[in-house]
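Asker: Quick one: structure below, then a few questions.
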């Protein structure tokens, strides 16, 4: 059953929600009287289509349908999730939620992206809204703070996990929830530092991204301090640093006055820092950086890495054709060189992914490896035929050339999205006992499975390029 | 000339400085009366040796000498940089700096890792100390806040850049400098949120690392908000959100009381969150995550990525042997699978790195490519001989099998640190005109250079495995 999401209010946040739901296979209805809404949302979608799929080594579901509505009732019809992302004005939000409460399906989840209002305040008009507060870019950052009715938040959390996000239920309502309260604290102190000429906006930003900012992408405040406390632990850390809280280190007692002068100072410093890049260039740079770092965290499974791995496990494995499809995914930016061309190492990474998937298909899966058996690659031959680029779709099919005894001889075809051959990888693997590191026979179950594929594929045409040596003339065969 | 650094005070920060200097090729003298100092420092060094070299695709310089001293004068003799990292007690720091001022070389840079004191306060005793405040882990995070005498800070900055760090000169002195003031602000707000039961320590940490924490690893506060302000820019952003500063969103007006009850609450929640991993395990997980993300940022050159790229450019390129050495580096954790074995794709990545380096050696360097010429790989053949592991040293030598006309036929040998052959990659490249994407002849200069190597290498033994096809029997040749 395809779910439907209704997005009320475009812009950066609303557009981000459109992208998240749409690229996860939901149908999306948009209601926004702004004549510019469709243009703004399509810009966010453009960013999202090059970014979100790049986080995964499998394909996302096919996009749902996106429809723009003039009529709120029609936009809400049949909706599973209604998300309001209009400007932070209480009266406006009340007006919208009064109408939504009348027109939305009785069991629809109704969320507000509000960064400031408590659900009790939103629901003063008798609606049943929960706070579902995301972070920009919504199509990449997984966090959504959920506040409000426990039952509705729990159901909302399930949906959010199903689209690869990380729901965080806030135990008690409070203005600005959790993260923005922390950001507000930093913002105030930062304004003081700029105002008092301690540093420029650029210097403050470097003080973040060259230091604790890097730490906080993978472990938060308390875990970081726990480590700093060493073997003595968290209590020791607090005993060491606790008293510091009484020191007048920060001017947080006071709110700096937001004068025209201060605004100009900051605007000018920001232009000097970042003005040489357009906003679109900055957005794409930010997204490429986030993708690279988030993919890096998949390896250890820390933080967002765990969210990505868990979601990837739910994505469908590549399907069957005449030849098994062993890879079906988007080529991420991080696989390409400066000329946007996929770097040769990643051809072999795709091949290794194909080999792993084929091993699963014959029963030599993670459990098999954990039990002390595996296949090691001993020789590979790659023909680079056509260039591949970031954002393109890559499919790999695998043909068994032979599979008996200790050996498994495979031929991977790397296909471009138009079906054209991009590269071939012929590869020989040997079965190994992981404990002794000596070659060994596979289990009977795996051997049987492999033999069946070998028999089926023996009836197929032998691939072009099997048995090539480097530089062999093409008219010699 | 080998520089010498004198580290006063071991522990996590002092040990981190030891590692930074030592692994950058400086000699290091340590003075710390704590009988446990040598043990603690060697633990930090153990972490650093598996982490810092993994950031780079080239080898770091050979380690300097590390000597522990009982006598401060001897420890200070001939020192270029003296770094004090003793506990945050002013009287203790004064005592040390009075002595250091008498005994250190007149032109030595004297830094304090103090997180709180202003240089004017440190120098009340007539010393000439600057604040050089690093971030844990010092052997990975690049930021060092410098405060104090402008001339000394400038000289200190040069040294820090030369060891791959990012110096940030703070324009005016203030307690806690820049970053810790921001952290203090977050800490206070966080304590309120825990105390008032809005969230647990684990939930607060997720609110950071699943959201804005990821953003801040690659762009700071002001740049992030500039993007959020959209095309209208920073001024618009501030006009939109400026008024929010007057709202009582955060309880920053007040400092929460640090009761035994609050300490127990936090300690308990921290244990529940992270207690299943030892501190050493958490440190290594943190370091692996940081390495993965920092390496990811090298691609765009954002933030720490730029620092790493700039420092890597200063590292010596691999030297000559009978065959040119085209790769000489440590194998990072991020190149290995769960069984700690280097993944096959990275064999080809090392080979691609070797090819790139060889191209530089014949004049087909970045400028050549920028002018519209390059070599594209058309075919590669890999023999996987021996396993490689994270932390091991990898050297690649390159032999030219033929190089004339449009073709370049190379043979890379991947060697383990004991000289044993780990893998071979035979690869054929074709010269291409990047504009037309058609094959083309190299320039005369490059052709000449390549031909010279080809002539020299023709006199060497033909490598084992040239011209192999996958699965070829070894007794057939």
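Residue numbers (this note's numbering), protein chains in the order written: chain A, 112 to 588; chain B, 112 to 588. All C-beta atoms in this analysis are idealised placements derived from N, C-alpha and C, irrespective of residue type, glycine included.
Whose CA, out of 577(B), 573(B) and 125(B), lies closest to the CA of residue 539(B)?
Answerer: Counting from one through the second chain, the residue named residue 539(B) turns up at place 428. Of 577(B), 573(B) and 125(B), the residue nearest in Cα terms is 577(B).
Asker: Taking C-alpha atoms, which residue in 469(B), 443(B), 554(B) and 560(B) lies nearest to residue 499(B)?
Answerer: Stepping through the second chain from its first residue, residue 499(B) is reached at position 388. It is 443(B).
Asker: For a contact meaning CB atoms closer than 7 Å, what does residue 346(A) contact in chain B?
Answerer: Your numbering for residue 346(A) matches position 235 in the first chain. Chain B residues near residue 346(A): 374 and 378.
Asker: Any C-beta of chain B sitting closer than 8 Å to the C-beta of residue 494(A)?
Answerer: For this step, residue 494(A) is matched to residue 383 along the first chain. Output row for residue 494(A): interface = yes.
Asker: So, is residue 372(A) buried or exposed, given that buried needs 16 or more other C-beta atoms within 10 angstroms?
Answerer: Residue numbering aside, residue 372(A) sits at position 261 when the first chain is read from its first letter. Burial check for residue 372(A): the Cβ neighbour count within 10 Å stays below 16, so the residue is exposed.
Asker: Quick check: is any heavy atom of the ligand FAD less than 7 Å from the C-beta of residue 501(A)?
Answerer: As presented, the structure is devoid of all ligands, the ligand FAD included, so that no description of it is given.
Asker: Short of 8 Å in beta carbon distance, which residues of its chain neighbour residue 552(B), apart from the five on each side in sequence? Order them along the chain.
Answerer: By one-based count along the second chain, residue 552(B) stands at place 441. So the qualifying residues of the chain are 516, 517, 542 and 558.
Asker: Check the Cβ of residue 107(B) against every Cβ in chain A and list those closer than 8 Å, keeping chain order.
Answerer: Missing from the structure shown is residue 107(B); chain B here goes from 112 to 588 and no further.
Asker: State the CB to CB distance for the pair residue 193(B) and residue 159(B), rounded to an integer number of angstroms; the pair is presumed to be in contact (CB under 8 Å).
Answerer: Along the second chain, one-based indexing puts residue 193(B) at 82. Along the second chain, one-based indexing puts residue 159(B) at 48. With a Cβ gap of about 20 Å, residue 193(B) and residue 159(B) do not count as contacting.
Asker: Could you give the DSSP three-state label for residue 194(B): helix, strand or coil?
Answerer: For the purposes of this step, residue 194(B) is taken as residue 83 along the second chain, with counting starting at 1. Three-state result, residue 194(B): strand.
Asker: If you follow the alpha helix (DSSP H) that residue 76(B) is part of, which residue opens it and which one closes it?
Answerer: Any question about residue 76(B) goes unanswered here, given that chain B covers just 112 to 588.
Asker: Within the chosen definition, does the stretch 294-310 of chain A reach the stretch 220-240 of chain B through at least 3 CB pairs nearer than 8 Å?
Answerer: no
Asker: Rounded to the nearest angstrom, how far is the Cβ of residue 315(B) from that of residue 333(A), given a contact under 8 Å?
Answerer: Against the second chain, residue 315(B) aligns to sequence position 204. Against the first chain, residue 333(A) aligns to sequence position 222. Right, the Cβ-Cβ distance comes to about 7 Å (below 8 Å), so this counts as a contact.
Asker: Would you say residue 246(A) and residue 348(B) are within 8 Å of each other, going by their C-beta atoms?
Answerer: Locating residue 246(A) in the first chain gives position 135, counting from the first residue. Locating residue 348(B) in the second chain gives position 237, counting from the first residue. The answer is no: Cβ separation not under 8 Å.
Asker: How would you label residue 484(A), buried or exposed, when you count the other beta carbons within 10 angstroms and need 16 or more for buried?
Answerer: The count along the first chain starts at 1 and reaches residue 484(A) at position 373. By the 10 Å Cβ count, residue 484(A) comes out buried.
Asker: Taking contact to mean 3 or more Cβ pairs, one atom from each stretch, closer than 8 Å, check whether the stretch 421-429 of chain B and the stretch 144-154 of chain B are in contact.
Answerer: no
Asker: Scan the stretch 510-534 of chain A for residues whose Cβ lies nearer than 7 Å to a Cβ of chain B and list them as they occur along the chain.
Answerer: 520
Asker: Just the Cα atoms here: how many angstroms apart are residue 358(B) and residue 478(A)?
Answerer: Sequence index remark: in the second chain, residue 358(B) carries index 247 (1-based). Sequence index remark: in the first chain, residue 478(A) carries index 367 (1-based). Legend: pLDDT at residue 358(B) = 48, less than 50; position of this residue unreliable, value from coordinates given subsequently. Distance between the alpha carbons of residue 358(B) and residue 478(A) is about 55 Å.
Asker: Is it right to say residue 275(A) is buried, meaning 16 or more other beta carbons lie within 10 angstroms of its own, or is it exposed?
Answerer: Start at 1 with the first residue of the first chain, and residue 275(A) comes out as number 164. Residue 275(A) should be labelled buried.
Asker: If we cut at 8 Å on Cβ distances, does residue 264(A) have a partner in chain B?
Answerer: In the first chain, residue 264(A) corresponds to position 153, counting from 1. Judged by the 8 Å Cβ criterion, residue 264(A) is not in contact with chain B.
Asker: In the structure shown, what three-state DSSP assignment does residue 278(B) receive?
Answerer: Taking the second chain and counting its residues from 1, the one referred to as residue 278(B) is at position 167. Looking at residue 278(B) - three-state DSSP - the assignment turns out to be strand.
Asker: Bridge partners of residue 138(B), per DSSP?
Answerer: To locate residue 138(B), count along the second chain from 1; it is residue 27. In DSSP, residue 138(B) forms a bridge with 115(B).
Asker: Between the Cα of residue 510(A) and the Cα atoms of 573(A), 532(A) and 283(A), which residue gives the shortest distance?
Answerer: Taking the first chain and counting its residues from 1, one reaches residue 510(A) at position 399. Among 573(A), 532(A) and 283(A), the Cα nearest to that of residue 510(A) is on 573(A).
Asker: With DSSP collapsed to three states, give me the class of residue 173(A).
Answerer: Translated into positions along the first chain, residue 173(A) becomes position 62. Coil at residue 173(A), not helix or strand.
Asker: According to the Cβ coordinates, are residue 413(A) and residue 396(B) closer than 8 Å?
Answerer: Counted from its first residue, the first chain places residue 413(A) at position 302. Counted from its first residue, the second chain places residue 396(B) at position 285. Closer than 8 Å, so yes.
Asker: What would DSSP say about residue 230(A), mapped onto helix, strand or coil?
Answerer: Against the first chain, residue 230(A) aligns to sequence position 119. It is helical.
Asker: Confirm, please, whether the CB-CB distance from residue 163(A) to residue 129(A) is below 8 Å.
Answerer: If you number the first chain from 1, residue 129(A) lands on position 18. If you number the first chain from 1, residue 163(A) lands on position 52. Going by C-beta atoms, residue 129(A) is not nearer than 8 Å to residue 163(A).
Asker: From this set, 567(A), 139(A) and 200(A), which residue's C-alpha is nearest residue 187(A)'s C-alpha?
Answerer: Sequence index remark: in the first chain, residue 187(A) carries index 76 (1-based). When each option's Cα is compared against that of residue 187(A), the closest is 139(A).
Asker: Pull the bridge partners of residue 54(B) from the DSSP assignment, please.
Answerer: Outside the shown range of chain B (112 to 588) lies residue 54(B), about which nothing can therefore be said.
Asker: Please tell me whether residue 384(A) has its Cβ less than 8 Å away from any Cβ of chain B.
Answerer: In the first chain, residue 384(A) corresponds to position 273, counting from 1. Interface residue, yes.
Asker: So residue 345(A) and residue 381(B) are supposed to be a Cβ contact under 8 Å. How far apart are they, rounded?
Answerer: By 1-based counting over the first chain, the position of residue 345(A) is 234. By 1-based counting over the second chain, the position of residue 381(B) is 270. With 8 Å as the limit, residue 345(A) and residue 381(B) qualify as a contact, their Cβ atoms being about 4 Å apart.
Asker: Please state whether the Cβ-Cβ distance between residue 240(A) and residue 119(A) is less than 8 Å.
Answerer: As a position in the first chain, residue 240(A) is number 129, starting the count at 1. As a position in the first chain, residue 119(A) is number 8, starting the count at 1. No, the Cβ-Cβ distance between residue 240(A) and residue 119(A) is not below 8 Å.
Asker: For chain B, check one thing: does any of its Cβ atoms lie closer than 8 Å to the Cβ of residue 290(A)?
Answerer: Position 179 of the first chain, counting from 1, holds the residue named residue 290(A). By this cut-off, residue 290(A) is an interface position.
Asker: Based on the DSSP output, what are the partners of residue 518(B) in its beta bridges?
Answerer: Here residue 518(B) refers to the residue found at position 407 when the second chain is read from its first residue. Bridge partners of residue 518(B): 515(B) and 541(B).
Asker: Between residue 542(A) and chain B, is any beta-carbon pair separated by less than 8 Å?
Answerer: Sequence index remark: in the first chain, residue 542(A) carries index 431 (1-based). Chain B, which has no Cβ nearer than 8 Å to the Cβ of residue 542(A), makes this no.
Asker: Tell me whether residue 236(A) is buried or exposed, calling it buried when 16 or more other Cβ atoms sit within 10 Å of its Cβ.
Answerer: Translated into the one-based positions of the first chain, residue 236(A) becomes position 125. That one is exposed.
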